[in-house]
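Mapped onto my numbering, the consecutive letters of the sequence shown carry residue numbers 1007 to 1146.
Cβ atoms here follow ideal geometry from the backbone N, Cα and C, with glycine treated the same way.
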Amino acid sequence: MFWKPTIQLNLDCFVCERVGRTNALERGAERAICWSGRNEQHFAAARIAAFDVTSQDDRLALRTVVDFWWAPFKDAKRGVDATPLSNWVRLHYGNYCPHQETSSEGSVQTNVRRPTSVYCGGCKTEIAVDAEVPSIRLLV
1007 MFWKPTIQLN LDCFVCERVG RTNALERGAE RAICWSGRNE QHFAAARIAA FDVTSQDDRL
1067 ALRTVVDFWW APFKDAKRGV DATPLSNWVR LHYGNYCPHQ ETSSEGSVQT NVRRPTSVYC
1127 GGCKTEIAVD AEVPSIRLLV
């Protein structure tokens, strides 16, 4: 099992002046993609600044640092104030099944009940337990 270099993060976007926008970030990219609507997207001033994986016998952990520009604004549709702290993240992982000789992908995110089992996409064997909610901290 391994962490994929892509995350999705809920950010308040000053470009489209909307709160709670899903931003797709990929390690090495200089900007993120803000999904400002169902099929609308634009670039956002956010990037993955650090992507550190810790692997132990019983644990696979990821620490990601995201740099992003933020400025205060009111949501263009709802009029609520924007905040710099995200409340949702999705982390993507991949795995290889030695039994089926196939690879599969999945994700974990903050708004899922835990603990929950993670299954191999090939043979459906439990390969991990998602035991902890990904934490999000604002560093200023």
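Exposure of residue i, with buried meaning 16 or more beta-carbon neighbours within 10 Å
i, result
"D1136", "buried"
"A1052", "buried"
"S1234", "In the structure as shown, the chain starts at 1007 and stops at 1146, and residue 1234 therefore has no counterpart that could be examined."
"F1008", "exposed"
"R1119", "exposed"
"V1114", "buried"
"R1027", "buried"
"T1122", "exposed"
Chain-order list of residues whose beta-carbon lies under 7 Å from that of residue i (same chain, five-residue window excluded)
i, result
"V1021", "C1040, H1048 and A1050"
"A1082", "E1023 and R1024"
is_contact[residue i, chain C] using C-beta, thresh 8 Å
i, result
"D1136", "The structure shown contains no chain C; it holds only a single protein chain."
Contacts around residue i, its chain only, beta-carbon distance under 6 Å, and the 5 residues preceding and following it disregarded
i, result
"G1112", "Y1099"
"F1079", "F1020, E1023 and A1088"
"N1029", "L1015, L1017, A1038, C1040, A1050 and A1052"
Residue i: first and last residue of the uninterrupted beta strand (DSSP E) it sits in
i, result
"T1060", "A1052 to Q1062"
"E1032", "R1024 to E1032"
"F1008", "F1008 to C1019"
"E1132", "E1132 to D1136"
"A1038", "A1038 to W1041"
"S1218", "In the structure as shown, the chain starts at 1007 and stops at 1146, and residue 1218 therefore has no counterpart that could be examined."
"V1124", "T1122 to Y1125"
Proximity below 8 Å, CB of residue i to CB of residue j
i, j, result
"C1129", "N1101", "no"
"T1012", "E1032", "yes"
"F1074", "L1145", "no"
"T1116", "P1140", "yes"
"I1133", "N1093", "no"
Same chain only: Cβ atoms within 8 Å of residue i, ignoring 5 sequence neighbours per side
i, result
"G1034", "P1011 and I1054"
Give, in chain order, every unbroken run of the beta strand (DSSP E) that is at least 3 residues long and sits entirely within the segment 1070-1110.
As far as the segment 1070-1110 is concerned, its whole beta strand (DSSP E) runs of at least 3 residues are 1095-1103.
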